[in-house]
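Just below is one structure, and these are the notes that go with it.
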Amino acid sequence: MEDKINAMVVRNMSFKTGQTLTVTGVPSADSTNFKINIGHSAEDIALHMNTRFDAHGDQRTIVCNSFQDNKWCEEHRAANFPFNQNEEFQIKITFTSEEFLITLSDGSQIHFPNRQGAEKYKYMFFEGDGRIHGIEIK
1 MEDKINAMVV
11 RNMSFKTGQT
21 LTVTGVPSAD
31 STNFKINIGH
41 SAEDIALHMN
51 TRFDAHGDQR
61 TIVCNSFQDN
71 KWCEEHRAAN
81 FPFNQNEEFQ
91 IKITFTSEEF
101 LITLSDGSQI
111 HFPNRQGAEK
121 YKYMFFEGDG
131 RIHGIEIK
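full-length UniProt numbering applies: residue 1 is where the sequence shown begins, and numbers increase by one.
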């Protein structure tokens with residue numbers, strides 16, 4: 001599978017507590033950012049992970065958030081940024097009823113609360129500048 005990240009939606013692929021979603025891809029050479037969204041729908045996002053090379057006033061920053069009741073919640077900013085343009089990445093996301101555990105390519109981790117507390121999500125949306133090479137749930 002190799003799709004431009006611009007807008008790729010995966011629906012009805014159940015992602016349940018205890019499982020791990022692995023996303024591999026390559027940001028383009030001129031990528032400003034790419035996003036991974038997991039939730040129930042485009043209007044109900046439990047995890048929004050925005051990897052910003054240079055976007056929204058941020059440089060080399062990962063911003064995580066959730067979108068509920070038609071508004072963004074409190075942002076969580078990660079201390080580490082192990083991504084490079086034109087270089088393959090692998091992101092592993094495991095979740096429990098309490099949190100999303102995001103493991104980045106360099107082994108560093110982000111703990112982001114599962115604010116909705118759901119035990120299953122079936123909507124994933126990838127967007128940005130680059131290519132997704134693989135999506136796997138185990």
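For every residue, glycine included, the Cβ atom is placed at its ideal position computed from N, Cα and C.
For residue i, does the count of other Cβ atoms within 10 angstroms reach 16, so buried, or fall short, so exposed?
i, result
"VAL9", "exposed"
"ASN37", "buried"
"THR61", "buried"
"SER31", "buried"
"ALA78", "buried"
"SER66", "buried"
As a quick exercise: from the options, pick the residue whose alpha carbon is nearest that of residue i.
i, options, result
"GLY128", "GLU98, ALA29, ALA46 and GLN109", "ALA29"
"MET49", "ALA42, PHE34 and HIS40", "PHE34"
"CYS64", "ALA55, GLY57 and THR51", "THR51"
"TRP72", "GLU43, PHE125, GLN109 and GLY57", "GLU43"
"PHE89", "GLU99, ASN70 and GLY107", "GLY107"
"ILE45", "LYS138, HIS56, PHE125 and GLY130", "PHE125"
"ASN114", "HIS40, SER97, GLU75 and SER14", "SER97"
Just verifying my parser: in three-state terms, what is the DSSP assignment at residue i?
i, result
"ALA46", "strand"
"ALA7", "helix"
"GLY130", "strand"
"THR32", "coil"
"ALA55", "strand"
"CYS73", "coil"
"GLN68", "strand"
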